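Numbering (UniProt numbering), first residue to last: 1 to 125.
As structure tokens, this is what we get:
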């Protein structure tokens, strides 16, 4: 899954992308950060990720190993947008090696919540 970034989902443009280092998918907790700069917009945006093993889960009638990702994102962009709440957010996600991201739940400081959950897996013709 990859969240849309247009229309009513535009607020997701500055939130976490569904991103994880494959070396983070281990049997122990893995922490990493990303710093993103946007020309003419202030910043930087800092994204902190914590990846924890979740155990087995069922996706598409298969048992697969999953990991929980908790990420926070923030930056100083007040010169670009009237509200810092537009940028500061958290993402709780579940990822598998076989299917990628199967859950992405975003929460913004202004209490906007956007949730994506994988519902179906099918082959494309």
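Note that beta-carbon positions come from the ideal geometry of N, C-alpha and C, so glycine has one too.
Fair warning: this is a prediction, and the values are worked out from it, not measured in the lab.
Checklist entry - So, are the CB atoms of residue 74 and residue 46 less than 8 Å apart? => result Here residue 74 is taken as the residue at index 74 of the chain shown, counted from 1. Here residue 46 is taken as the residue at index 46 of the chain shown, counted from 1. Cβ atoms of residue 74 and residue 46: closer than 8 Å.
Checklist entry - For the beta strand (DSSP E) that contains residue 34, what are its first and last residues? => result The sequence position of residue 34 within the chain shown is 34, counting from 1. It spans 30-36 - the beta strand (DSSP E) in which residue 34 sits, taken as one unbroken run.
Item to check | Buried versus exposed, by CB contacts within 10 Å (16 or more), residue 66 | outcome: For the purposes of this step, residue 66 is taken as residue 66 along the chain shown, with counting starting at 1. Residue 66 comes out buried.
Item to check | As assigned by DSSP and simplified to three states, the class of residue 126 | outcome: Lying before the first or after the last residue shown, residue 126 is absent from the chain, which here runs from 1 to 125.
Next on the checklist: In this structure, how does DSSP classify residue 7 when only helix, strand and coil are distinguished?
Outcome noted: On the chain shown, position 7 is the one that residue 7 refers to. If DSSP states are grouped into helix, strand and coil, residue 7 belongs with the helices.
Checklist entry - Taking the continuous beta strand (DSSP E) assigned at residue 47, which residues delimit it? => result The residue given as residue 47 occupies position 47 in the chain shown. 45-59 is the span of the beta strand (DSSP E), which, as asked, contains residue 47.
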